[in-house]
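J.: In the UniProt record's numbering, the protein residues as written are 1 to 378.
Cβ atoms here follow ideal geometry from the backbone N, Cα and C, with glycine treated the same way.
Here it is, the structure in full.
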Amino acid sequence: MSTASEPVAPPNPAAVPAPTARLTWLDTFRGLSIAMVVLGHVLGGLAFAAFVPEPAKERLWFAYDLLYTFRMPALFLASGLFAARSLKRGLPRFLGDKARTLAYPYLIWSLISWGGLSLAAGMANNQADPMAPLKMLYDPMMGVWFLYVLFVVMTCFGLWSAIGGGAAGFLAVGAVLHAAVPMWAGAPSMLVQVGRFSVYFGLGLVLAEHVRGIGERLSPGRLALLVPTAFAMMKGAVMLGWADHPVLDVVPALCGTLGMFGAAMLLDRLAAAEALRHFGRHSLQLYVAAGHASVATRLMLQRGMGVEALPVHILLGTAAGLAGPLLLVAITRAVGFRYLFTWPRPGDEQRPADRSEPGRSREAVGRGRGRVAGVSAP
């Protein structure tokens with residue numbers, strides 16, 4: 001009998017499952033959503049500004065309200081799309097990650113915002129509340145409230161899943177809470193916001209397993225018809241007053257979100273969409289820091305240079321809100337400061353991309369590094 005070992009046949013490439021292709025349009029969607037949030041902050045700030053005449057303020061408020069109809073529901077829905085996948089790593093890891101990437105930046109940037117308002121007393125539209133640091137656990141600060149509310153919703157989802165609850169059940173509970181919000185007179189704003197937006201997060205959970213198939217079935221021609229139709233339906237619902245209805249407000253919100261999904265799928269086919277995807281991968285950083293850059297730009301233009309033209313303020317304020325946080329990200333990485341936006345995971349080390357994981361390309365590592373859970377993001 002021969003003792004020579006038999007040659008081992010190489011593995012059949014066809015038998016090795018190919019990795020699932022990343023849905024890049026979801027990054028484009030997140031980037032488009034955060035760009036709308038930045039634009040909304042600029043419009044809202046100008047609507048409060050003393051130098052803006054009243055007729056212009058009415059137009060600014062109309063545009064702001066129209067954006068607000070769907071921009072925050074869209075972010076909660078997008079967060080729900082990724083939540084179940086991150087929960088597969090276990091509840092303790094899930095809750096720890098959400099504390100690092102949602103609760104921690106909320107606390108840090110709430111204090112930064114409060115400190116900035118305190119220093120800018122008399123110059124900014126809003127004044128700092130001396131009791132804000134004590135209230136932020138039940139009355140989230142306006143600039144970064146989304147992070148804290150999303151953290152609470154994520155925590156509820158994690159606990160719900162731990163007792164055997166499913167996505168459909170979470171959606172049903174969210175719908176009941178949404179309808180019950182008008183009865184919560186005097187409740188802390190955190191609970192009110194959780195009640196208002198959990199339904200959209202739950203819908204994201206339900207759609208998570210179907211989102212790839214939906215994207216594959218929508219051709220460019222169908223998308224070109226879907227986008228204007230969805231936004232027209234949203235505007236029609238707003239004109240009917242549904243945006244202010246405690247239950248029917250989900251109709252314009254979902255129509256606008258559907259339009260955003262369609263627009264993201266269309267834009268994702270363009271080379272310029274990489275800029276939006278970059279915004280999407282840094283949605284947390286943009287969310288927390290954009291308002292500061294936009295306010296500084298407005299003060300510089302109006303008080304430093306005497307510029308009061310609204311188109312200039314809107315254009316430059318939005319550009320600063322998008323570019324400023326990315327510059328801040330680059331600076332913090334250059335100096336090695338890792339605590340401004342998230343709390344680093346224990347054991348993480350900043351390593352060169354080509355040494356971080358064997359077998360992964362520099363490009364693949366670079367794509368993963370910008371992703372933010374929850375807003376992931378925001």
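Can you tell me whether DSSP reads residue 198 as helix, strand or coil?
T.: Residue state, collapsed to three classes: helix.
J.: Answer yes or no: do residue 246 and residue 188 have a C-beta to C-beta separation smaller than 9 angstroms?
T.: No.
J.: Would DSSP call residue 305 helix, strand or coil?
T.: Looking at residue 305 - three-state DSSP - the assignment turns out to be coil, as it is neither helix nor strand.
J.: In the structure shown, what three-state DSSP assignment does residue 268 receive?
T.: Here residue 268 sits in coil by DSSP.
J.: Give the straight-line distance between the Cα atoms of residue 83 and residue 158, rounded to the nearest whole angstrom.
T.: One C-alpha to the other measures close to 9 angstroms.
J.: Sort 238, 109, 239, 203 by Cα distance to residue 74 and report the nearest one.
T.: Residue 74 has its Cα closest to that of 203, out of 238, 109, 239, 203.
J.: Relative to the C-alpha of residue 29, which residue among 66, 71, 60 is closest?
T.: Nearest of 66, 71, 60 to residue 29, Cα basis: 71.
J.: Since residue 110 and residue 141 should fall inside the 8 angstroms C-beta cutoff, what is the C-beta to C-beta distance between them, to a whole number of angstroms?
T.: About 5 angstroms separates the two Cβ atoms, so the contact holds.
J.: Who are the near neighbours of residue 144 in its chain, counting only those whose CB is closer than 8 angstroms to its CB and skipping five residues on each side?
T.: 105, 106, 109, 110, 113, 287, 288.
J.: Report all residues from its chain with a CB closer than 8 angstroms to the CB of residue 5; omit the five preceding and five following residues, and keep chain order.
T.: Confidence at residue 5 is low in this model, with a pLDDT of 45, below 50, so the placement of that residue should be treated as unreliable; the coordinate-derived value is given next. Around residue 5: no qualifying Cβ.
J.: Assuming residue 69 contacts residue 273 (C-beta within less than 8 angstroms), just tell me the rounded distance between them.
T.: Not confirmed; about 24 angstroms, so no contact.
J.: Starting from residue 43 and walking both ways along the alpha helix (DSSP H), at which residues does that stretch end?
T.: Start and end: 24 to 48.
J.: Leaving out the 5 sequence neighbours to the left and right, which residues in its chain are closer than 6 angstroms to residue 303 when beta-carbon positions are compared?
T.: Within the same chain, residue 303 has no close Cβ partners at all.
J.: Rounding to the nearest angstrom, what Cα-Cα distance links residue 101 and residue 155 in this structure?
T.: Each residue's Cα considered, the two are about 13 angstroms apart.
J.: Using C-beta distances below 7 angstroms, list every residue in its chain close to residue 25, excluding the 5 sequence neighbours before and after it, in chain order.
T.: Contacts found: 215, 264, 265, 268.
J.: Using beta-carbon positions only, say whether residue 310 and residue 56 come within less than 9 angstroms of one another.
T.: Yes; because the gap between Cβ atoms is below 9 angstroms, this pair is in contact.
J.: Grab the span of the alpha helix (DSSP H) containing residue 186 for me, first residue to last.
T.: No alpha helix (DSSP H) contains residue 186, which DSSP labels as neither H nor E.
J.: Taking residue 174 as the reference, give the member of 77, 65, 59 with the closest Cα.
T.: When each option's Cα is compared against that of residue 174, the closest is 77.
J.: So what does DSSP say about residue 210, is it helix, strand or coil?
T.: Coil at residue 210, not helix or strand.
J.: What would DSSP say about residue 219, mapped onto helix, strand or coil?
T.: If DSSP states are grouped into helix, strand and coil, residue 219 belongs with coil.
J.: Are the region 166 to 173 and the region 193 to 212 in contact at 8 angstroms, needing three or more beta carbon pairs?
T.: Judged by Cβ distances under 8 angstroms, the region 166 to 173 makes contact with the region 193 to 212, as three or more pairs qualify.
J.: Please tell me whether residue 197 and residue 238 are closer than 9 angstroms, where the distance is taken between their beta carbons.
T.: Taking 9 angstroms as the Cβ cut-off, residue 197 and residue 238 do not qualify as a contacting pair.
J.: Give the straight-line distance between the Cα atoms of residue 339 and residue 163, rounded to the nearest whole angstrom.
T.: Those two C-alpha atoms are separated by around 33 angstroms.
J.: With 16 as the cutoff for other CB atoms within 10 Å, does residue 217 come out buried or exposed?
T.: With fewer than 16 other Cβ atoms within 10 Å, it is exposed.
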